[in-house]
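Numbering (the numbering used here), first residue to last: 16 to 471.
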């Protein structure tokens, strides 16, 4: 597959190169042919101009008198000419033809070329000679005395076309060599680019996706190692997601096994499950929308008040109209379930006249970190059991000791913390009760603007 992919890449590249050179060669051929035709036409026009000028003042070299005989005029003129290669200068007087030529074949008064030229109403044109190819011609007719004659200038382009063909063969040879070199370089480069994919693919084919924590080993090749690192990151995310989902399922089982048969117990479990089904368990996601801290605090207060009624008091730290990047709905959900967790540990209702047990909710913003927590007034929980609050694979003994805890609420808090790249935590002291909450990064939405305002 790798070789096929490599061959396709190089094949497409080669086709593009060949097409480019083919168009270039055809264009070059057309231009060179056009140039030779224009040069031949210009030479013919110059010869005719020279003859016309000569005919007006021509004198017989033997007598010194003006030439009045057409035959003598052409005889003297042709004797003075030195035709270029492939050029024929001929005169037709009373059906007889005389010429001074370096053409590949002599002209004939009855030949197709001369016949075609004499019959043409034009003063110049082209002729396709069957034996020698394209011929450019020009003519001029004169009257000398009582004689009428025609001067024909014919230029055979066979040699010029041969020169063009020779140049094109040289260009083609150079182009072929360039194409060959380009294909070799493309093959090498394509192999170098595809090689990291091949190496990672070979390792990945032997990788057991059943075993969690499986990763690709680096090979020392920078590109392959970079690709392997990316692949390992993806595997780690897959493992983390799988681990988180298994943890949620474990907590669901624990809560269902220990949930109260009362309506409130079933309702809390169903509510937690409905919340979990919409959460990105095991994944990091970008913040949904900016939110001001004071508005978020108001939403938290409202949600927790609906959850606990009068059994809650609130406190805050550095909560103002600062706008931060968090996911407000998830933060509110975490706060609500932190309050639910704290409420589950409250002691039974005090006797008449005693102070009612309450939950203390706190929301603070310090050094770019947002903390939402709930503190109850219960007795302390053993330190060995605290990790079981948020571990996806907790110790069975510890989780059994926390059988009466709302495990799904803790799972929701852990998910919300993971989504934001923060942490869910729990602390318990004999005199202070148990505090449970999340601490997540909450970067300012417009840090540059805030800095500018502070400087001003």
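Here a beta-carbon is modelled for each residue, glycine too, at the ideal position from N, C-alpha and C. Keep in mind that this is a model prediction, so the values were computed, not measured.
With DSSP as the reference, please indicate the residues paired to residue i in a beta bridge.
{"i": "residue 169", "result": "103 and 152"}
{"i": "residue 114", "result": "105"}
{"i": "residue 329", "result": "376"}
{"i": "residue 1", "result": "This structure cannot settle anything about residue 1, because the visible part of the chain is limited to 16 through 471."}
{"i": "residue 140", "result": "152"}
{"i": "residue 338", "result": "307"}
{"i": "residue 387", "result": "378 and 453"}
{"i": "residue 81", "result": "74"}
Does the distance from the CB of residue i to the CB of residue j come in under 8 angstroms?
{"i": "residue 173", "j": "residue 147", "result": "yes"}
{"i": "residue 44", "j": "residue 183", "result": "yes"}
{"i": "residue 106", "j": "residue 89", "result": "yes"}
{"i": "residue 25", "j": "residue 201", "result": "yes"}
{"i": "residue 421", "j": "residue 336", "result": "no"}
{"i": "residue 454", "j": "residue 384", "result": "yes"}
{"i": "residue 401", "j": "residue 288", "result": "no"}
{"i": "residue 382", "j": "residue 361", "result": "no"}
{"i": "residue 328", "j": "residue 353", "result": "no"}
{"i": "residue 132", "j": "residue 123", "result": "no"}
{"i": "residue 389", "j": "residue 451", "result": "yes"}
{"i": "residue 82", "j": "residue 91", "result": "yes"}
{"i": "residue 155", "j": "residue 166", "result": "yes"}
{"i": "residue 290", "j": "residue 427", "result": "yes"}
{"i": "residue 374", "j": "residue 351", "result": "no"}
{"i": "residue 345", "j": "residue 263", "result": "no"}
{"i": "residue 170", "j": "residue 102", "result": "yes"}
{"i": "residue 99", "j": "residue 144", "result": "no"}
{"i": "residue 230", "j": "residue 210", "result": "no"}
{"i": "residue 449", "j": "residue 396", "result": "yes"}
{"i": "residue 153", "j": "residue 138", "result": "yes"}
{"i": "residue 378", "j": "residue 331", "result": "yes"}
Using only alpha-carbon positions, find the residue among the options that is nearest to residue i.
{"i": "residue 429", "options": "396, 348 and 458", "result": "348"}
{"i": "residue 405", "options": "53, 282 and 259", "result": "259"}
{"i": "residue 340", "options": "72, 118, 372 and 380", "result": "380"}
{"i": "residue 338", "options": "311, 427, 210 and 417", "result": "311"}
{"i": "residue 414", "options": "116, 241, 268 and 437", "result": "268"}
{"i": "residue 372", "options": "389, 127, 195 and 326", "result": "326"}
{"i": "residue 38", "options": "436, 83 and 187", "result": "187"}
{"i": "residue 178", "options": "452, 306 and 51", "result": "51"}
{"i": "residue 109", "options": "344, 97 and 87", "result": "87"}
{"i": "residue 56", "options": "250, 448 and 140", "result": "140"}
{"i": "residue 198", "options": "47, 23, 410 and 409", "result": "23"}
{"i": "residue 408", "options": "120, 257 and 212", "result": "257"}
{"i": "residue 266", "options": "137, 417, 246 and 121", "result": "417"}
{"i": "residue 118", "options": "376, 244, 168 and 252", "result": "168"}
{"i": "residue 180", "options": "41, 213 and 72", "result": "41"}
From residue i to residue j, what distance separates their C-alpha atoms?
{"i": "residue 442", "j": "residue 21", "result": "59 angstroms"}
{"i": "residue 67", "j": "residue 157", "result": "9 angstroms"}
{"i": "residue 49", "j": "residue 175", "result": "11 angstroms"}
{"i": "residue 322", "j": "residue 356", "result": "11 angstroms"}
{"i": "residue 394", "j": "residue 261", "result": "31 angstroms"}
{"i": "residue 460", "j": "residue 304", "result": "10 angstroms"}
{"i": "residue 125", "j": "residue 63", "result": "23 angstroms"}
{"i": "residue 276", "j": "residue 425", "result": "Because residue 276 carries a pLDDT of 47, less than 50, the predicted location of this residue cannot be relied on, and the following value inherits that uncertainty. The alpha-carbon atoms of residue 276 and residue 425 are separated by roughly 20 angstroms."}
{"i": "residue 85", "j": "residue 192", "result": "59 angstroms"}
{"i": "residue 439", "j": "residue 27", "result": "54 angstroms"}
{"i": "residue 30", "j": "residue 205", "result": "15 angstroms"}
{"i": "residue 241", "j": "residue 254", "result": "20 angstroms"}
{"i": "residue 77", "j": "residue 61", "result": "27 angstroms"}
{"i": "residue 334", "j": "residue 437", "result": "19 angstroms"}
{"i": "residue 324", "j": "residue 410", "result": "34 angstroms"}
{"i": "residue 434", "j": "residue 316", "result": "22 angstroms"}
{"i": "residue 457", "j": "residue 308", "result": "10 angstroms"}
{"i": "residue 467", "j": "residue 249", "result": "In this prediction, residue 467 has a pLDDT of 48, which is less than 50 and means its spatial position is unreliable; nothing more can be read from the coordinates."}
{"i": "residue 33", "j": "residue 203", "result": "19 angstroms"}
{"i": "residue 46", "j": "residue 54", "result": "12 angstroms"}
{"i": "residue 447", "j": "residue 286", "result": "29 angstroms"}
{"i": "residue 127", "j": "residue 120", "result": "13 angstroms"}
{"i": "residue 243", "j": "residue 194", "result": "35 angstroms"}
{"i": "residue 79", "j": "residue 69", "result": "14 angstroms"}
{"i": "residue 93", "j": "residue 116", "result": "10 angstroms"}
{"i": "residue 251", "j": "residue 35", "result": "47 angstroms"}
{"i": "residue 278", "j": "residue 412", "result": "Reliability of the predicted coordinates at residue 278 is poor, the pLDDT of 42 falling under 50, and the value obtained from them is presented with this limitation in mind. Cα to Cα, residue 278 sits roughly 28 angstroms from residue 412."}
Would you say the beta carbon of residue i is closer than 7 angstroms to some non-hydrogen atom of the ligand FAD?
{"i": "residue 402", "result": "For the structure depicted, the ligand FAD is absent and the ligand set is empty, with no information on it obtainable."}
Quick check on the DSSP output: what are the complete alpha helix (DSSP H) runs of length 4 or more inside the region 396-468, in order along the chain?
411-416 and 422-435
Which runs of the alpha helix (DSSP H) fall wholly inside the region 17-73 and span at least 4 residues, in chain order?
17-72
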